[in-house]
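Trainee:
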Amino acid sequence: MREYTVPAVTEPPTGSLSDPIWANASSHPDTAVFSRRVEGGWLDVSAAEFARQVTGVAKGLIAAGVQHGDRVALLSATRYEWTLVDYAIWSIGAVTVPIYETSSASQIQWILTDSEAVAAVVENAAHGAVVESARSEAPTLQEVWQIEAGGVEQLTVLGQEVSDAEFDKRRTAIRPGDPATLIYTSGTTGRPKGCRITHANFLDELNPAVKVLDDLFDVDGASTLLFLPLAHVFARIIQVGCVMMRVKVGHSADVKNLVEDLGAFRPTFILSVPRVFEKVFNSASQKAHSDGKGKIFDAAADTAIAYSRAQDKGGASFGLKAKHALFDRLVYGKLRAVLGGQVQYAVSGGAPLGDRLGHFFRGIGVPVLEGYGLTETTAAVAVNLPDDIRIGTVGRPLPGVSVAVADDGELLFKGGQVMQGYWKNDQATADAIDADGWFHTGDLGEVDVDGFIRITGRKKEILVTAGGKNVAPTVLEDQIRLHPLVSQCMVVGDGKPFIAALVTIDPETIVPWAGQRGKPADVASLTDDEDLLAEIQKAVDDANNAVSKAEGIKKFSILPTDWTQESGELSLKLSLRRHVVMDKHEADVEALYAK
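Quick note: the sequence shown uses UniProt numbering, first residue 1, plus one each step.
#1: How many angstroms separate the CA atom of residue 164 from the CA atom of residue 55?
#2: Could you tell me whether the Cβ atoms of residue 95 and residue 226 are closer together than 8 angstroms?
#3: Excluding sequence positions up to five away, which residues of its chain have a Cβ less than 6 angstroms from the Cβ of residue 215?
#4: Classify residue 470: buried if its beta carbon has 16 or more other beta carbons within 10 angstroms, exposed otherwise.
#5: With DSSP as the reference, identify every bridge partner of residue 98, one or two as the case may be.
#6: To which residues does DSSP link residue 413 through a beta bridge?
#7: Mind the definition here: the segment 221 to 239 touches the segment 310 to 327 only if three or more C-beta pairs lie below 8 angstroms; say whether that holds.
#8: Whose CA, out of 501, 306 and 437, lies closest to the CA of residue 478?
#9: Take residue 565 as the anchor and find which of 99, 68, 104 and 256 has the nearest alpha-carbon.
#10: Please name the residue or residues paired with residue 490 in a DSSP beta bridge.
#11: Using the three-state DSSP reduction, which class does residue 563 fall into: helix, strand or coil?
#12: Is it buried or exposed for residue 488, if we count other Cβ within 10 angstroms and need 16 for buried?
#13: Going by beta-carbon coordinates alone, are residue 265 and residue 347 separated by less than 8 angstroms?
#14: May I ask which residues mark the beginning and end of the beta strand (DSSP E) holding residue 122?
#15: Ordered along the chain, which non-local residues of its own chain (more than five positions away) have a Cβ less than 6 angstroms from that of residue 535?
#16: Suppose you measure from the CA of residue 567 to the CA of residue 102; what does that come to, to the nearest Å?
#17: Ignore the nearest five residues each way along the sequence and tell me which others in residue 63's own chain have a CB closer than 6 angstroms to its CB.
#18: Where do the ends of the alpha helix (DSSP H) carrying residue 533 lie?
#19: Select from 135, 557 and 447 the residue whose C-alpha is nearest the C-alpha of residue 587.
#20: So the beta strand (DSSP E) residue 87 belongs to, where does it begin and stop?
#21: Going straight from the alpha carbon of residue 603 to that of residue 92, what length do you get?
#22: Residue 394 and residue 455 - do their beta-carbons sit closer together than 8 angstroms?
#23: If you draw a straight line from the alpha carbon of residue 253 to that of residue 123, how long is it in whole angstroms?
#24: Could you tell me how far apart the beta carbons of residue 194 and residue 115 are, in whole angstroms, since I believe they sit closer than 8 angstroms?
#25: Please give the ranges of any alpha helix (DSSP H) in the segment 239 to 306, keeping only runs that are unbroken, at least 4 residues long and fully inside the region.
#26: Which whole-angstrom value describes the C-beta separation of residue 9 and residue 397, a residue pair presumed to lie in contact below a C-beta threshold of 8 angstroms?
#27: Kindly identify the DSSP beta-bridge partner or partners of residue 34.
#28: One question on the structure: do residue 109 and residue 137 come within less than 8 angstroms of each other, judged by their Cβ atoms?
#29: Around the C-beta of residue 17, are 16 or more other C-beta atoms found within 10 angstroms, so that it is buried, or is it exposed?
#30: Using the DSSP secondary-structure output, state which residues sit across from residue 558 in a beta bridge.
#31: Can you tell me whether residue 478 is helix, strand or coil according to DSSP?
#32: Which one of 460, 453 and 427 has the shortest CA to CA distance from residue 442?
#33: Suppose the cutoff is 6 angstroms on Cβ atoms and the five residues either side in sequence are ignored; what does the same chain contact list for residue 511 look like?
#34: Look at residue 36 and residue 80 and say whether their C-beta atoms are less than 8 angstroms apart.
#35: Please report the distance separating the alpha-carbon of residue 218 from that of residue 23.
#36: Using alpha carbons as the reference points, say which of 203, 509, 170 and 12 lies closest to residue 68.
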């Protein structure tokens, strides 16, 4: 087993996650640490005001009987109140149990029951109704407050009789090893498991991270707009880092308002998952082609990629610099404007980004810092740094983290941010964390001599053809999704004579494409259309160029409907739930091998 370790640069953590709130309120009371979207614009919230609001909600929780170590469920879209309630729960030593707003009734019931939550804060009446319906299965649940029905204000009023001394006693009693949150995995297979994450886990992650990522967190005017679900550990860890470093945070829950919010808020960095970066690229490409400027965009994209690649080989030539400067005025500046115009960096996680997109975004002036981590590792264990980017990798381990590659290619990690274990599931914990403290990720990867990590696939997703060829499907899928017309792709072929693929079409980009050709924009009527098949064949050919002939896709079929979270084929972080797709499309898969 090969190992690579980055030495720690900080001392073991002390205190709790809520400590920075009071430190900020004392040292920088007037600094705007949040900005709330309100009618007509954005309203800043100072460090002192945030501390006051957290105290009010926290006292309300105390008055309601929430004890140190009690679990409190939080079911809401990403919004200011999510962060406010999260910190209020932490500041009294209780444990936040985040629940995705898109979770099904059965998932919500399971999480409330399994976590033994004593209270819940929900966003709206619909969420409240689902939580109420789960009461018979969740006997520990006592109180439910609804944000949109004045729940924050109700808690603040409830806590008015709680003294500052009582609150301070609760707040200062928290230790680093105390549990901070119970995050349930997305449950792509089986019931979700609760990851027990402590204050120390978060602090072991962030104390070194904010130092090595100082270009994001420690610059004048730093800000970010959170639009990913705060129920996911990725957005949550950024939230905590921003509070620690007084980076101004805004929230945007509705994707329909995202472009407008980015333009108004103008963040200096953003975080997202690869699918969003794919959509930005594909939408821009399709719009340019629809407007008759496709050749210009394609040339600009190729130039951006070439310019980025040249940075790794001593720099661009004079001619390439001139072309890049021209396209910066014509194309790149407009793309940066879509992100608000001030974004210096983007952070990506959740799935591999791919070389082409990584080079494209760096080439247009928005370097994407790709990282790697899981819920079980309190988000990132590795990340590319602003001054140390190796595109196509997920960077090197953070300080204090060790990575190893097992004999079968599985990536293992060890560090202070690895969770304490799964809630009430010792067997699952033992299966994931071995006796030497290595967390087994289930991902396959490589580590080069400099410590940069490359993800090559999922251990359970490797396809083995009838001829015995091992194929990592994500390499092909990631490439095919780069085509503007493609929404999703799943490569199949386990036990089959060759590799094939199911492809879904993007319902947005198909409209202008079909209109230009006088075709109906209804995908169901286009699954056998020769022009559309030829477009997807181009994407398949590009993907096949990245693998050996034996690993290449021999056949594909276009499905009439897209895959979504709502229909169950995509997880909450927009990754494929392969077993669901296979169950729903078994006949489509078999049809690929029937002719």
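Using N, Cα and C, we set each Cβ at its ideal position, and we do this for glycine too.
Mentor: Let's see:
#1: Here residue 164 refers to the residue found at position 164 of the sequence shown. Here residue 55 refers to the residue found at position 55 of the sequence shown. So the two alpha carbons sit approximately 9 angstroms from each other.
#2: The count along the sequence shown starts at 1 and reaches residue 95 at position 95. The count along the sequence shown starts at 1 and reaches residue 226 at position 226. Going by beta carbons, residue 95 and residue 226 fall outside the 8 angstroms limit.
#3: Working through the sequence shown from its first residue, we reach residue 215 at position 215. Answer for residue 215: 386, listed in chain order.
#4: What you label residue 470 is simply residue 470 of the sequence shown in a count that begins at 1. Around the beta-carbon of residue 470, fewer than 16 other beta-carbon atoms lie within 10 Å, marking it exposed.
#5: Taking the sequence shown and counting its residues from 1, the one referred to as residue 98 is at position 98. The partner list for residue 98 (beta bridge, DSSP) reads 74.
#6: For the purposes of this step, residue 413 is taken as residue 413 along the sequence shown, with counting starting at 1. According to DSSP, residue 413 shares a beta bridge with 403 and 439.
#7: Judged by pairs of C-beta atoms under 8 angstroms, the segment 221 to 239 does not touch the segment 310 to 327, as fewer than three such pairs exist.
#8: For the purposes of this step, residue 478 is taken as the residue at position 478 of the sequence shown. Checking every option, the nearest Cα to that of residue 478 belongs to 501.
#9: Start at 1 with the first residue of the sequence shown, and residue 565 comes out as number 565. Considering only 99, 68, 104 and 256, the residue with the shortest C-alpha distance to residue 565 is 104.
#10: The count along the sequence shown starts at 1 and reaches residue 490 at position 490. DSSP lists 502 as partners of residue 490.
#11: One-based indexing of the sequence shown puts residue 563 at position 563. Residue 563 carries a coil assignment under DSSP once its states are collapsed to helix, strand and coil.
#12: Start at 1 with the first residue of the sequence shown, and residue 488 comes out as number 488. Buried, because 16 or more other Cβ atoms sit within 10 Å of the Cβ of residue 488.
#13: Looking up residue 265 in the sequence shown gives position 265. Looking up residue 347 in the sequence shown gives position 347. It is not a contact, given that the beta carbons lie outside the stated cut-off.
#14: The residue you call residue 122 lines up with position 122 of the sequence shown. Here the beta strand (DSSP E) through residue 122 covers 119 to 122.
#15: Position 535 of the sequence shown, counting from 1, holds the residue named residue 535. Closer than 6 angstroms at the Cβ level, and outside the excluded window around residue 535, lie 485.
#16: Within the sequence shown, numbered from 1, the residue matching residue 567 stands at position 567. Within the sequence shown, numbered from 1, the residue matching residue 102 stands at position 102. The alpha-carbon atoms of residue 567 and residue 102 are separated by roughly 11 angstroms.
#17: Here the question's residue 63 lines up with position 63 in the sequence shown. If we look at residue 63 and ignore the five residues flanking it on each side, its Cβ neighbours are 158, 159 and 162.
#18: The count along the sequence shown starts at 1 and reaches residue 533 at position 533. Residue 533 -> alpha helix (DSSP H) spans 530 to 544.
#19: Position 587 of the sequence shown, counted from the start, is the residue given in the question as residue 587. The residue among 135, 557 and 447 with its C-alpha nearest the C-alpha of residue 587 is 557.
#20: Here the question's residue 87 lines up with position 87 in the sequence shown. For residue 87, there is no enclosing beta strand (DSSP E); the enclosing alpha helix (DSSP H) has its first and last residue at 80 to 91.
#21: This structure cannot speak to residue 603, because the chain is shown only from 1 to 595.
#22: Position 455 of the sequence shown holds residue 455. Position 394 of the sequence shown holds residue 394. Yes.
#23: Position 253 of the sequence shown, counted from the start, is the residue given in the question as residue 253. Position 123 of the sequence shown, counted from the start, is the residue given in the question as residue 123. Between the alpha carbons of residue 253 and residue 123 lies a distance of about 12 angstroms.
#24: The residue you call residue 194 lines up with position 194 of the sequence shown. The residue you call residue 115 lines up with position 115 of the sequence shown. Right, the Cβ-Cβ distance comes to about 6 angstroms (below 8 angstroms), so this counts as a contact.
#25: Fully enclosed alpha helix (DSSP H) runs of 4 or longer: 258 to 265 and 274 to 290.
#26: Taking the sequence shown and counting its residues from 1, one reaches residue 9 at position 9. Taking the sequence shown and counting its residues from 1, one reaches residue 397 at position 397. Not a contact, Cβ separation roughly 12 angstroms.
#27: Counting from 1 along the sequence shown, the entry for residue 34 is found at position 34. For residue 34, which the question treats as bridged, DSSP gives the partners 45 and 249.
#28: Taking the sequence shown and counting its residues from 1, the one referred to as residue 109 is at position 109. Taking the sequence shown and counting its residues from 1, the one referred to as residue 137 is at position 137. Result yes, Cβ atoms of residue 109 and residue 137 sit closer than 8 angstroms.
#29: By 1-based counting over the sequence shown, the position of residue 17 is 17. The residue in question, residue 17, is buried, as its Cβ has 16 or more Cβ neighbours within 10 Å.
#30: In the sequence shown, the residue the question calls residue 558 occupies position 558. Answer is 503.
#31: On the sequence shown, residue 478 is found 478 positions in, with the first residue counted as 1. Looking at residue 478 - three-state DSSP - the assignment turns out to be helix.
#32: Counting from one through the sequence shown, the residue named residue 442 turns up at place 442. For residue 442, the nearest C-alpha among the options comes from 460.
#33: The count along the sequence shown starts at 1 and reaches residue 511 at position 511. The beta carbon of residue 511 sits closer than 6 angstroms to the beta carbons of 521 from its chain, once the five residues preceding and following it are set aside; these are given in chain order.
#34: One-based indexing of the sequence shown puts residue 36 at position 36. One-based indexing of the sequence shown puts residue 80 at position 80. It is a contact, given that the beta carbons lie within the stated cut-off.
#35: By 1-based counting over the sequence shown, the position of residue 218 is 218. By 1-based counting over the sequence shown, the position of residue 23 is 23. Within the model, the alpha-carbon separation for residue 218 versus residue 23 is close to 16 angstroms.
#36: Sequence index remark: in the sequence shown, residue 68 carries index 68 (1-based). When only C-alpha atoms are compared, the closest one is 170.
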